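See below for the structure under consideration.
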Amino acid sequence: MNHHTPCLPVVGAHTRVPLINGGSTTYANLDCAASAPALVAVQERVNQVLPLYASVHRGAGYLSQVSTALYEAARTSIGQHVGARADDVTIITRHTTDSLNLLAGCIPTNPDGTPGKVLVLDIEHHANLLPWQAASGGATVITAATTIRETLTQLRAELARDNYTLVAATGASNVTGEALPITELVDIAHAAGARIVIDAAQLVPHRGFSLTTSGADYVVFSGHKTYAPFGAGALVGRRDWLDAGHPYLAGGGAVHNVTLTTITWAPAPARHEAGSPNVIGAVALAAACEALGNLPAGELERHENVLRTRLVEGLSAIEGVRILRLWEDSCDPVGVVSFTVAQCDPGLVAAYLSAEHGIGVRDGRFCAHPLLTRLGVENGAIRASVGVGTTVDEVERLIAAVTQWVEQGSDATYDIINGCWAV
Ligand code: PMP
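So the sequence shown is numbered by full-length UniProt numbering: it starts at 1 and just counts up by one.
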């Protein structure tokens, strides 16, 4: 395959954006880890079902029945994409953050009545850290070592030392793109009698993931990072906790029967989906899952590996550029690369890339403050992330632009007072 071409077409690939010099250029979207552009296949599916849109699970009319069928078929498709087992539940949420908060409210108490505790590493996105700290049993946060091997040993030791109900781990870091060995993590958690949830927000868009194959208990991810817009995400996994857990939202649709003194809650997924469901969001996410699932085996990984390898190689050759890394030992990273440029404010570099080159990246601390502090980059970094629609040419544009910044500086200076660029 020609890797200069995207591996799946995305909407808006040729959008032109203004440049500070008065011209314009084609936008290079290297911020897929934040929100990925929708697939053309998603747009087509949404166009197809939007005219059929009506209330889900509530109406007797024909279109309500169609919408309900579409919503439930989307649920099945989303679950299948992450290898849901026959008795797993797929709950449609708003996004990864929502899914993790939902699960945090479903952690059971221990047989002695004490609330279940969660074990988590300090490399996590805040969405996979704060909900556990706020949960009734709280969380223990381990500072990861500089190798995966040693980090796994630390996890084993902590699980042997104290009683944990759940391990929460990222599938791939939203800062460095580096992955963790999921099956090993699953074995470690299960050997200690704990369950494990995988934050796959940065994994599902970039790699295949299966609950069945990995043995993980729960997986969460976001539609807007998986090439679908419209505020839908998912929590998929073991039924018992989700059936017994406190309903995430109280309201219509989550109950069997209500009197003025009693409520009979429905089992999952309805139990946690009160309110009118986001049918278009679910359908869009399902369409994205199906399109990704229909790619030839290994195609997504091959496409991203070409882009990531060139990104790392090109950026590392630039003087003063430091690529952020978690692990000294090897792993299978996804297409997310964060870097700093010596003596340069990441926000200024990112603004320059946008204003002078039409390149979209993210800068900041990526909702992973403890990790960036540990890596010694309290002032933040710049993150370039690729996806199915990214081309090698876009990666080359970034490398050339950062090289130009380092060699010549910018023609423009940033007017901090007025928040704009001045040439
Ligand atoms: N986990 C990871 C690894 C992420 O990258 C993100 C988004 N940056 C989240 C969780 C939260 O996702 P969302 O904002 O869609 O809830």
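No residue lacks a Cβ here, since even glycine has one placed at the ideal position from N, Cα and C.
Quick caveat, the model's predicted, so the values are computed rather than measured.
Just mark residue i as buried or exposed, buried being the case when its beta carbon has 16 or more other beta carbons within 10 Å.
i      : result
Asp393 : exposed
Ala384 : buried
Asn101 : buried
Gly23  : exposed
Asp87  : exposed
Asn2   : For Asn2, the predicted model reports a pLDDT of 44, less than 50, meaning its position is unreliable; a value from the coordinates is still stated below. So Asn2 counts as exposed.
Gln43  : buried
Ala286 : buried
Thr212 : exposed
Asn294 : exposed
Cys7   : buried
Arg195 : buried
Val409 : Position check: residue 409 holds Gly in this sequence, whereas Val was assumed. When all chains shown are included, Gly409 counts as exposed.
His206 : buried
Arg397 : buried
Ser263 : For the sequence presented, residue 263 should be read as Ile rather than Ser. Exposed, because fewer than 16 other Cβ atoms sit within 10 Å of the Cβ of Ile263.
Ile416 : Confidence in Ile416 is poor, its pLDDT being 49 and thus under 50, which makes the residue's placement unreliable; the coordinate value appears in the next sentence. By the 10 Å Cβ count, Ile416 comes out exposed.
Asp332 : exposed
Val395 : buried
His81  : buried
Trp405 : buried
List the endpoints of the continuous alpha helix (DSSP H) containing residue i.
i      : result
His190 : 182–191
Thr213 : 211–214
Pro346 : 346–357
Asn21  : Where Asn21 is concerned, there is no enclosing alpha helix (DSSP H), given that its DSSP letter is neither H nor E.
Arg156 : 148–161
Leu371 : 369–374
Ile403 : The sequence given here places Thr at residue 403; Ile does not occur at that position. Its alpha helix (DSSP H) spans residues 392–408.
Would the C-beta of residue i count as close to the ligand PMP, meaning under 8 Å from any of its heavy atoms?
i      : result
Gln80  : no
Cys331 : no
Ser338 : no
Asn21  : no
Asn133 : In the sequence as presented, Asn is not what sits at residue 133; that position holds Gln. No, since every heavy atom of the ligand PMP falls outside the 8 Å radius drawn around the Cβ of Gln133.
Asp122 : no
Ser173 : yes
Asp199 : yes
Asn128 : yes
Cys289 : no
Ala33  : yes
Gly193 : no
Cys106 : no
Thr170 : yes
Gln408 : no
Thr76  : no
Ser210 : no
Gly364 : no
His272 : no
Lys225 : yes
Gly233 : yes
Thr96  : yes
Ser24  : no
His125 : yes
Thinking residue i and residue j are a contact (beta carbons under 8 Å), I'd like their distance in whole angstroms, please.
i           : j      : result
residue 430 : Val341 : Outside the displayed range of the chain (1 to 423) lies residue 430, so it cannot be described from this structure.
Ala13       : Gly389 : 6 Å
Val89       : Gly233 : Wrong, their Cβ atoms sit about 14 Å apart, outside the cutoff.
Leu203      : Gly171 : 3 Å
Gly245      : Gly105 : 6 Å
Glu273      : Ile20  : Actually they do not touch by this definition, with Cβ atoms about 46 Å apart.
Pro247      : Trp265 : 5 Å
Arg16       : Thr5   : Incorrect: roughly 20 Å between the Cβ atoms, too far for contact.
Ile123      : Ser173 : 6 Å
Gly251      : Gly223 : In fact, because the Cβ distance is near 22 Å, the residues do not count as touching under 8 Å.
Thr165      : Lys117 : 6 Å
Pro346      : Asp329 : 27 Å between Cβ atoms; not a contact.
Leu324      : Val377 : 7 Å
Ser210      : Val186 : No, Ser210 and Val186 are not in contact; Cβ-Cβ is about 11 Å, not under 8 Å.
Val220      : Val197 : 7 Å
Can you tell me where the beta strand (DSSP E) holding residue i begins and where it ends?
i      : result
Trp265 : 263–265
Arg362 : 362–364
Ile92  : 88–93
Val336 : 336–341
Ala384 : 381–385
Val167 : 166–170
Asp199 : 195–199
Would residue i pass as an interface residue toward chain D - the criterion being a Cβ-Cβ separation below 9 Å?
i      : result
Ser330 : Absent from the structure: chain D. Only one protein chain is present.
Whole alpha helix (DSSP H) elements within the segment 279–328, 4-residue minimum: 279–293, 299–316
Runs of beta strand (DSSP E) wholly within the segment 82–139 (minimum 3 residues, chain order): 88–93, 118–121
Segments assigned alpha helix (DSSP H), at least 4 residues, entirely inside the segment 21–55: 40–49
Residue ranges of each alpha helix (DSSP H) within the segment 217–276, 4 or longer: 239–244
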